[in-house]
Amino acid sequence: MQSYLIENPGVLSLDANVFTEADIYNEEVIVKGGGIKDGGDGRIDLIANYSNEYIGIIELKKDRLSLQHLKQLEAYLAQKEEIHNTHNDIIDPKTNNNPNWVGVLAGASIDPQLEKLISDGYTFKGIPIAAITINRYRGRETRNIYVITDVYFKNPVSTKDTKKYVFENVEYGKGRLVLAVIKSYIQRNPSIGFSELEKVFPKSCQGSMGVFSAEDEALDILNSTSRGRHFLKENEIISLKNSKIAVSNQWGKGNIDNFITCANKLGMKITLAL
């Protein structure tokens with residue numbers, strides 16, 4: 002299951018508004034004091050970054066999820082300060098230096114008592130808890146693999162900045178807004194090259210990474226860190242006259258205003274959605 006989720010992080014999506022995109026940060030992360038039995042060290046199965054706003058601690062089990070597994074997850078979440086201090090690059094501090102947290106249990110099925118607890122909006126010290134059941138099946142005729150997931154989650158209090166923006170009569174979240182603006186600008190200026198575009202949208206608009214990177218550089222980042230920092234699907238890669246680029250997906254409340262200011266100066270009208 003662990004390898005499958007690393008290759009398919011979209012399975013960890015919890016809802017359609019807040020926890021829509023998961024970026025796997027690392028696997029098998031040792032955390033001091035996270036051991037449930039003796040208070041010794043524990044080992045977190047997966048740590049994820051949800052949309053540059055939430056750090057997700059993910060506990061995986063092969064079989065049925067139980068209340069005992071919830072206690073293990075809570076032991077990790079109790080050490081969130083130590084985790085963040087040790088791994089302070091889970092979320093770019095220039096994007097969000099005070100991230101929120103979410104705990105996620107993933108298994109093949111779920112105990113009914115645990116299911117009700119989580120579905121009713123259970124939290125641990127204010128941290129929302131979710132559960133996902135994941136099952137894979139092979140089709141009898143096509144032999145294709147099918148994955149069926151069920152999500153149990155009710156986030157009672159969301160502090161995430163969920164602002165939506167309108168550009169060219171279409172509503173977007175932060176990252177998709179940037180992608181749409183860059184695509185639109187290049188359509189209006191089809192002869193522009195990489196260096197020229199970088200002058201129009203300088204790195205300072207985003208922060209440490211920049212608004213976009215060369216496609217090869219973005220792929221190198223993905224391959225070396227197993228973390229997708231750019232929009233890399235075929236329909237998201239943008240062709241310039243002399244290269245191909247991938248737009249950064251690292252946007253949050255700490256840097257999106259810089260980009261919008263830059264875009265507005267170029268006559269690209271962006272407004273808050275009502």
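If you're matching positions, the sequence shown starts at 2 in this note's numbering and goes up one per residue.
Every residue gets a Cβ at the ideal spot worked out from N, C-alpha and C, and that includes glycine.
Predicted model, so just to flag it, every value in this text is computed and none were measured.
Outcome for residue i when other beta-carbon atoms lying within 10 angstroms are tallied against a minimum of 16
i    : result
I135 : buried
I183 : buried
P10  : buried
S52  : buried
A219 : buried
G104 : buried
L106 : buried
S214 : buried
R189 : exposed
K171 : The displayed chain sequence assigns Val, not Lys, to residue 171. By the 10 Å Cβ count, V171 comes out exposed.
Q80  : buried
V179 : buried
N50  : buried
K266 : exposed
Separation of residue j from residue i, as counted between CA atoms
i    : j    : result
E75  : E60  : 10 Å
S196 : L241 : 11 Å
L233 : S249 : 9 Å
E28  : D46  : 5 Å
I222 : K117 : 40 Å
E54  : P100 : 5 Å
K204 : L15  : 31 Å
I257 : N89  : 21 Å
Y173 : S67  : 38 Å
Y123 : I58  : 15 Å
V201 : R177 : 19 Å
K126 : I246 : 42 Å
R137 : I187 : 41 Å
Extent of the continuous beta strand (DSSP E) run through residue i
i    : result
Y51  : 43–51
F168 : 166–168
A107 : 101–108
D24  : 23–32
I246 : 245–248
S214 : 213–215
E60  : 55–61
Span of the alpha helix (DSSP H) around residue i
i    : result
F195 : 195–201
E83  : 81–87
L178 : 175–189
L233 : Looking at the DSSP string, L233 is not in any alpha helix (DSSP H), and its letter there is neither H nor E.
I119 : 113–120
I261 : 257–266
L71  : 68–78
Cβ-Cβ separation, residue j to residue i (assumed contact under 8 Å), whole Å
i    : j    : result
V167 : A274 : 5 Å
I133 : T150 : 6 Å
R65  : D112 : 6 Å
N243 : V19  : With a Cβ gap of about 39 Å, N243 and V19 do not count as contacting.
I91  : I31  : Actually they are not in contact, since the Cβ atoms of I91 and I31 sit about 15 Å apart, beyond 8 Å.
Contact test: residue i Cβ vs the ligand SAM heavy atom, cutoff 8 Å
i    : result
E169 : Of ligands this structure carries none, so the ligand SAM is not represented either.
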